[in-house]
Amino acid sequence: MPAEIHELEPPLWHRAASFLLAVAFLAGVFTFAFSTVGYHWNWRSVWVYRALFLQGWLVTVVLSAIALVASCLIGVALALLRRTPFLPLRYLSRICVEIIRGTPLLVQLLIFFYVVATAFGIENRYVVGVLTLSVFSGAYISEVIRSGIESIGQSQLDSARAIGLTTVQTYRYVIFPQVIRQILPPLAGQFASLIKDSSLLSIVSIGEFAFNAQNVSSYTYSNFESYIPLAVGYLLLTLPISLWTQSLERRNRFET
813 MPAEIHELEP PLWHRAASFL LAVAFLAGVF TFAFSTVGYH WNWRSVWVYR ALFLQGWLVT
873 VVLSAIALVA SCLIGVALAL LRRTPFLPLR YLSRICVEII RGTPLLVQLL IFFYVVATAF
933 GIENRYVVGV LTLSVFSGAY ISEVIRSGIE SIGQSQLDSA RAIGLTTVQT YRYVIFPQVI
993 RQILPPLAGQ FASLIKDSSL LSIVSIGEFA FNAQNVSSYT YSNFESYIPL AVGYLLLTLP
1053 ISLWTQSLER RNRFET
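Residue numbers (this note's numbering): 813 to 1068.
1) Kindly confirm or deny that the region 1010-1017 and the region 882-901 touch, where touching means at least three C-beta pairs closer than 8 Å.
2) Short check: CB of S1005 to CB of I953, under 8 Å?
3) Check Y1033 in the structure and name its three-state DSSP category.
4) Report the three-state DSSP secondary structure of T958 (helix, strand or coil).
5) Considering only the alpha carbon of each residue, which of S1034, D970, I995, A1022 lies closest to L866?
6) For S949, I'd like the list of residues in its chain whose CB is within less than 6 Å of its CB, leaving aside the five on either flank, ordered along the chain.
7) At which residues does the alpha helix (DSSP H) containing F831 begin and terminate?
8) Have a look at V835 and T843 and give me their C-alpha separation to the nearest angstrom.
9) Count the other CB atoms, across all protein chains shown, that sit within 10 Å of the CB of T872; report buried if there are 16 or more and exposed otherwise.
10) With a threshold of 6 Å on Cβ separation, who are the neighbours of E819 within its own chain once the five nearest residues in sequence on each side are excluded?
11) Note down, in chain order, each residue of its chain lying with its Cβ closer than 7 Å to the Cβ of P814, except the 5 sequence neighbours on either side.
12) Would you mind giving the Cβ-Cβ distance between G960 and V986, rounded to the nearest angstrom? I have them listed as a contact below 8 Å.
13) Could you please give the first and the last residue of the uninterrupted alpha helix (DSSP H) stretch that includes Y903?
14) As a quick exercise: from P989, L1060, G1019, N1027, pick the residue whose alpha carbon is nearest that of I964.
15) Which same chain residues end up closer than 7 Å to S946 when comparing Cβ atoms and leaving out the 5 residues on each side of it in sequence?
16) By Cβ distance below 6 Å, which residues in the same chain neighbour I817 in space, the five residues on each side in sequence not counted?
17) Identify every run of the alpha helix (DSSP H) within the region 913-979, keeping only runs that are complete inside it and at least 4 residues long; order them along the chain.
18) Since V1016 and A951 should fall inside the 8 Å C-beta cutoff, what is the C-beta to C-beta distance between them, to a whole number of angstroms?
19) Where do the ends of the alpha helix (DSSP H) carrying L1013 lie?
20) With distances taken between CB atoms, is the gap from Y1053 to F1003 smaller than 8 Å?
21) Rounded to the nearest angstrom, what separates E1067 and S1029 at their Cα positions?
22) Would you report the Cα separation of R827 and L833, rounded to the nearest angstrom?
23) Considering only C-alpha positions, which residue in the set V942, Q1026, N1035 is nearest to V874?
24) Quick check: what's the CA-CA separation for R913 versus G1001?
25) What does the alpha-carbon distance come out to for the pair I911 and L918?
26) If you draw a straight line from the C-alpha of N936 to the C-alpha of A1043, how long is it?
27) Using CA coordinates, which residue listed in S830, T896, E955 is at the minimum distance from Q994?
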């Protein structure tokens, strides 16, 4: 089957030419737009703060990496709790997911940092920021995982029980291998959103990428020169995730 799919793909030179054509079109559109408004670029003033950009980007990388792992663990836990026969835990997880998904991350950051963290004596703003971001993204990931689990036919679960598999074995050998293939696209989108949502951590004065870009913009009054590197920096983080998940999709694709 993979050989047949490969034969249907256009030649490499055709794909490369089409890609370059698309890039040239987008570059032309933005070049025309900026030339129309007569914007005068001032990259020299921003270049002085290149170390500040790099420092903020590295902080974003570390915070996002920790939040990605933590949000996946939280998402799996909430998804499994939504299916537990113990009703109090099921309703608790459902209420938490609906509240988190139904309220802005900005509000959650302010409440967690200035109220919840203060009540529990947590003073490290980085810890609070990562936890809040992880819980926020974990609520969305839990719904992605839950929908994937519930897409598995009941006949497969009955067959697993019939051959003597425990609940843990059923999830390990029957459910999760199929769920992973189905949830990769929305999961990749959620990972990319998590990285971009980390820019809101600047609200609680965390010195990440967006926070430093805002400072450079206020220092130099060069808004576009400050925020275009910000966009490129986030693209360098989100694009590999998208390409990686697409590779996993092709690797795990099977004939139905």
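The beta-carbon is built from N, C-alpha and C at its ideal position, and this holds for glycine as well.
Concretely, from the data shown:
1) Flag = no, the region 1010-1017 and the region 882-901 do not touch.
2) No. Outside cutoff.
3) Residue state, collapsed to three classes: coil.
4) Before going on, a small fix: residue 958 reads as Arg here, not Thr. Secondary structure at R958: helix, using DSSP grouped into helix, strand and coil.
5) The residue with the shortest Cα to Cα distance from L866 is A1022.
6) Counting only Cβ-Cβ distances below 6 Å, and skipping sequence neighbours, we find S883, L1006.
7) In the DSSP assignment, F831 falls within the alpha helix (DSSP H) that extends over 824-849.
8) Each residue's alpha carbon lies about 12 Å from the other.
9) Of the residues assessed, T872 falls on the buried side of the cut-off, its CB having 16 or more other CB atoms within 10 angstroms.
10) Note that E819 scores a pLDDT of 49, beneath 50, so its modelled location is shaky; the value from the coordinates is reported in the next line. Only residues of its own chain outside the window of five on either side were considered, and among them none has a CB closer than 6 Å to the CB of E819.
11) Residue placement at P814 is poorly supported in this model, since its pLDDT is 45, which falls under 50; the coordinates still yield a value, given next. For P814, where only same-chain residues beyond five positions count, there are no Cβ hits under 7 Å.
12) Rounded, the Cβ-Cβ distance is 13 Å, inconsistent with contact.
13) Where Y903 is concerned, the enclosing alpha helix (DSSP H) stretches over 899-914.
14) Comparing Cα positions, the closest option is P989.
15) In chain order, A879, A882, S883, I886 place their CB closer than 7 Å to the CB of S946, counting only its own chain and leaving out the 5 sequence neighbours on each side.
16) Note that I817 scores a pLDDT of 46, beneath 50, so its modelled location is shaky; the value from the coordinates is reported in the next line. Hits under 6 Å: none found.
17) DSSP assignment within the region 913-979 yields the following whole alpha helix (DSSP H) runs of 4 residues or more, N-terminal first: 917-923, 937-962, 966-974.
18) The Cβ separation is near 20 Å, so there is no contact.
19) Counting along the chain, L1013 falls outside any alpha helix (DSSP H), and DSSP gives it neither H nor E.
20) It should be noted that the sequence gives Ile, not Tyr, for residue 1053. For I1053 and F1003, yes; Cβs fall inside 8 Å.
21) Because E1067 sits at a pLDDT of 46, beneath the cut-off of 50, its placement in the model cannot be relied upon, and the point is left open.
22) Going by the C-alpha atoms only, they are around 10 Å apart.
23) Ranking the options by Cα distance to V874, first place goes to V942.
24) Spanning the two alpha carbons is a distance of roughly 16 Å.
25) Cα to Cα, the separation comes out at about 14 Å.
26) The C-alpha of N936 lies about 27 Å from the C-alpha of A1043.
27) Cα-wise, what sits closest to Q994 is E955.
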